[in-house]
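What follows is a single structure, written as structure tokens, with notes after it.
Have a look at this one:
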């Protein structure tokens, strides 16, 4: 789509942005979608915190949870747009004519794209703690919203983990082996394992509260 780069998560309507996402341009793509899911998780976290009343002992933590969620919502949209820019560069590199210049461009774009996704993944990992706090201390009437937020956060983790892994593997097109890539980029390699652990944590936390959010399951 011509002008697809103008449809940013920060300035577009949902209709315009999802229409751009539906086009075969790759920007926005799955990475930007990952950022949007993080923004949804943060927004729901803020909403639940806003509906929660806390005693004097917990009031300070509740305020911090909501403040972090509000900040994360804005950061996630910005990071989604940064990921879209990295995606454009990634696609452009693969369209170059075969040769050393193309190999170098793919390498640069792959690392930049992996870094963009890694940032989203790290922010998602940190956000798990605040959502877990609300699962235990938030307004019980909004427990279903907590589960939805966990689902959005899980989607963020899935997107970040897969994109980092895929982008690192793209470096093999220049002749590097996966072992060499792991040794050259240990921090990016390690974030994939961290995100796998985050998957498990989110699933455990969701399972612990699912009976409260979906009580009709008890009759099956």
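Residue numbers (the UniProt record's numbering): 1 to 220. All residues carry an ideal CB built from backbone N, CA and C; glycine is no exception.
Environment of residue 141 [buried if 16+ CB atoms lie within 10 Å] | exposed
When we look at the beta-carbon of residue 16 and count the other beta-carbons within 10 Å, is it buried (16 or more) or exposed?
-> exposed
Same chain, Cβ closer than 6 Å to residue 2, five either side skipped, listed in chain order = For residue 2, the pLDDT reaches just 40, beneath the cut-off of 50, and the residue's location in the model is therefore unreliable, although a value from the coordinates is still provided. Cβ within range, chain order: n/a, list empty.
Are the stretch 60-79 and the stretch 121-140 touching by the rule of at least three beta carbon pairs closer than 8 Å?
-> yes
Residue 132, DSSP secondary structure in three states = helix
Could you give the distance in angstroms between the alpha-carbon of residue 160 and the alpha-carbon of residue 48?
-> 25 Å
With C-beta atoms as the reference, is residue 191 less than 8 Å away from residue 118?
-> yes
From 138, 41 and 94, pick the residue whose C-alpha is nearest to that of residue 150; which is it?
-> 41
Examine the Cβ distances between the stretch 26-36 and the stretch 78-88 and report whether three or more of them are shorter than 8 Å.
-> yes
Check whether the Cβ atoms of residue 146 and residue 135 sit closer than 8 Å, and answer yes or no.
-> yes
For residue 20, three-class secondary structure by DSSP = helix
For residue 46, I'd like the list of residues in its chain whose CB is within less than 7 Å of its CB, leaving aside the five on either flank, ordered along the chain.
-> 66, 69, 70 and 73
Check each candidate in 22, 57, 152 and 183 and name the one with the smallest Cα separation from residue 131.
-> 152
Using three-state DSSP, classify residue 10 as helix, strand or coil.
-> coil
What residue from 11, 44 and 38 has the CA that sits closest to residue 138's CA?
-> 44
DSSP on residue 215, reduced to helix/strand/coil?
-> helix
Between the Cα of residue 169 and those of 52, 106, 98 and 56, spot the shortest distance and give me the residue it belongs to.
-> 106
Given residue 189 as reference, the closest of 35, 90 and 162 once Cα atoms are compared = 162
Outcome for residue 175 when other beta-carbon atoms lying within 10 angstroms are tallied against a minimum of 16 | exposed
Could you give the DSSP three-state label for residue 54: helix, strand or coil?
-> coil
Just curious, the alpha helix (DSSP H) that residue 162 is in, first and last residue?
-> 143-169
Run the CB neighbour count on residue 211, radius 10 Å, all protein chains shown included, and call it buried at 16 or more, exposed below.
-> exposed
In whole angstroms, what separates the C-alpha of residue 207 from that of residue 133?
-> 15 Å
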